[in-house]
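In case it helps, the numbering used here puts the sequence shown at residues 33 to 175.
Think of the CB as a built atom: it goes at the ideal place given N, C-alpha and C, for glycine as much as any other residue.
Computed from a prediction, not measured in an experiment: that's the story for all the values here.
Here the structure is laid out as structure tokens; the discussion comes afterwards.
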Amino acid sequence: MSEAETETRSVTIEREFAFPPERIWRALTQPHLIEEWLMKNDFKPTVGHRFNLRGEWGGVLDCEVLAIEPQRSLAYTWNFTHEDAAFDLKSVVTFTLTPTGAGTHLRVEQAGFRPNQKQAYGGAHAGWNQFFAKLEELLARAD
33 MSEAETETRS
43 VTIEREFAFP
53 PERIWRALTQ
63 PHLIEEWLMK
73 NDFKPTVGHR
83 FNLRGEWGGV
93 LDCEVLAIEP
103 QRSLAYTWNF
113 THEDAAFDLK
123 SVVTFTLTPT
133 GAGTHLRVEQ
143 AGFRPNQKQA
153 YGGAHAGWNQ
163 FFAKLEELLA
173 RAD
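Here is the structure:
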């Protein structure tokens, strides 16, 4: 394989939320809240826990918790098996929370898009923006 064939890209979305890290952390780690802004799931905040995210579009993502630093960072695999190599994705999603004077800076990075996955890359970029909008709605109404 050439270097170009093994090179990957990342989608990174960052947003300021007017809520403390503890509140955002709950939305990132409690299954019933994850379902409200992301997807149906069987997530447990335990390193090594394997879980699925089930999209409304019928797809199932195979995930495994890789790292947890409460109220600071969370990383898990985000893998989607597909016959078409352009959609057969093996990636890692990392959330990073940074307290700010007005709330929390949340950064999500999804790393692992191969050069032949332009459509999946574009879809992830649009998807994470939509997920963050739903997260903001959830945080605004949650106690």
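- In this structure the region 134-145 touches the region 39-48; the number of beta carbon pairs closer than 8 angstroms is three or more.
- For the 8 angstroms CB-CB criterion, P63 and F51 do not form a contact.
- When secondary structure is reduced to three states using DSSP, R47 falls in the strand class.
- Nearest neighbour of W89 by Cα position, chosen from R104, L70, F83, turns out to be L70.
- Closest in C-alpha terms to A158, from the list V140, L171, A172, L106, comes V140.
- Where E168 is concerned, the enclosing alpha helix (DSSP H) starts and stops at 150-173.
- Around T113, the same chain offers D94, D120 as residues with beta carbons nearer than 8 angstroms, after the five sequence neighbours per side are excluded.
- Within the model, the alpha-carbon separation for W110 versus E96 is close to 8 angstroms.
- Nearest neighbour of H137 by Cα position, chosen from A99, L65, E168, G87, turns out to be E168.
- In terms of CA proximity to L85, E67 leads the group E46, E101, E54, E67.
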